[in-house]
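First up is the structure itself, then whatever we jot down about it.
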Amino acid sequence: MNMPFSYTTRYKLDRSHFAETFDQSFIESGFLQRYLKAIILFSIGAVMLIFTDITAYLSWFFVALGALEAVSVRFRRPWWLARQMLSKAANSELSLTIDDKGLKTTSSYVESTILWAQVNRIEKTRQGWLIHHQGGRAYVSDRCLSEEAKQFLAELDVKQT
Numbered sequence: 001m002n003m004p005f006s007y008t009t010r011y012k013l014d015r016s017h018f019a020e021t022f023d024q025s026f027i028e029s030g031f032l033q034r035y036l037k038a039i040i041l042f043s044i045g046a047v048m049l050i051f052t053d054i055t056a057y058l059s060w061f062f063v064a065l066g067a068l069e070a071v072s073v074r075f076r077r078p079w080w081l082a083r084q085m086l087s088k089a090a091n092s093e094l095s096l097t098i099d100d101k102g103l104k105t106t107s108s109y110v111e112s113t114i115l116w117a118q119v120n121r122i123e124k125t126r127q128g129w130l131i132h133h134q135g136g137r138a139y140v141s142d143r144c145l146s147e148e149a150k151q152f153l154a155e156l157d158v159k160q161t
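When we follow UniProt numbering, the leftmost residue of the sequence shown carries the number 1, and every step to the right adds one.
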């Protein structure tokens with residue numbers, strides 16, 4: 001008879017955790033797809049500046065937005081890490097519970113539950129697990145999991161496929 005599985009751990013949401021999360025969950029896309037928003041904003045600003053009598057401030061605002069978007073795409077990892085480190089959740093402690101029902105995270109600022117019924121796929125990465133669910137994706141690092149928890153996720157991954 002299988003005993004119900006339950007695993008709980010606590011870890012800090014520090015820079016190394018956020019860096020690992022980005023590295024393991026980022027999906028690279030093509031050049032045009034990455035820079036499309038920047039190109040559109042820059043083009044709108046340029047067209048407004050050249051072909052209309054609208055105040056130049058608004059035109060330059062769109063040009064600057066396009067440039068800022070291009071910089072954020074070019075430096076996406078440090079940009080994303082900086083945003084995470086400036087958030088309220090940075091350097092706070094997170095409680096992770098994995099059981100037969102789902103995956104639950106709790107901190108001072110957020111409480112989230114992903115039920116296994118909502119999970120489409122569980123993907124093993126080099127350093128953890130990507131949980132693809134109806135609301136998006138979540139990443140769980142191997143460094144905060146016991147061997148039993150890793151085995152449980154691997155078994156769930158096999159059941160999903």
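Where is the CB? At the ideal position from N, CA and C, for every residue including glycine.
Reduced DSSP category for residue i - H, G, I as helix; E, B as strand; rest coil
i: SER114; result: Note on identity: in this sequence residue 114 is Ile, with Ser being the wrong assignment. DSSP places ILE114 in strand when its eight states are reduced to three.
i: GLU93; result: strand
i: ILE54; result: coil
i: MET1; result: With a pLDDT of 43 at MET1, under the threshold of 50, the modelled position of that residue is not reliable, and the figure given next carries that caveat. In the structure shown, MET1 sits in coil (DSSP, three-state: anything other than H, G, I, E or B).
i: GLY30; result: coil
i: SER6; result: strand
i: LYS12; result: strand
i: SER141; result: strand
Cα-Cα separation between residue i and residue j, rounded to whole angstroms
i: TYR7; j: TRP116; result: 15 Å
i: VAL119; j: GLU69; result: 32 Å
i: MET1; j: ILE131; result: Caution is warranted here: a pLDDT of 43 is assigned to MET1, below 50, making its placement in the model unreliable, and the coordinate value is therefore given only provisionally. So the alpha carbons of these two residues sit roughly 27 Å apart.
i: ALA64; j: PHE42; result: 7 Å
i: GLY128; j: GLY66; result: 35 Å
i: SER72; j: ALA82; result: 11 Å
i: GLN134; j: PHE5; result: 23 Å
Residue i, enclosing beta strand (DSSP E) - first and last residue
i: THR106; result: 102–106
First through last residue of the alpha helix (DSSP H) which encompasses residue i
i: GLY135; result: Premise fails: GLY135 is in no alpha helix (DSSP H) and is neither H nor E.
i: ARG121; result: It is not in any alpha helix (DSSP H) - ARG121 instead sits in the beta strand (DSSP E) that spans 119–124.
i: ARG76; result: 76–86
8 Å Cβ cutoff met for residue i and residue j
i: PHE22; j: GLY45; result: no
i: MET48; j: LEU32; result: no
i: LEU145; j: SER92; result: no
Residue-level contact to chain C via CB, residue i, 8 Å cutoff
i: LYS124; result: This model lacks chain C altogether, as it is built from one protein chain only.
Expected contact under 8 Å - CB spacing of residue i and residue j to nearest Å
i: LEU94; j: ARG10; result: 7 Å
i: ALA149; j: ILE98; result: 6 Å
i: GLU20; j: SER141; result: 6 Å
i: GLN24; j: ARG126; result: 7 Å
i: ALA89; j: SER107; result: 6 Å
i: PHE26; j: GLN84; result: Their Cβ separation, rounded to whole angstroms, is 13 Å, which puts PHE26 and GLN84 out of contact at 8 Å.
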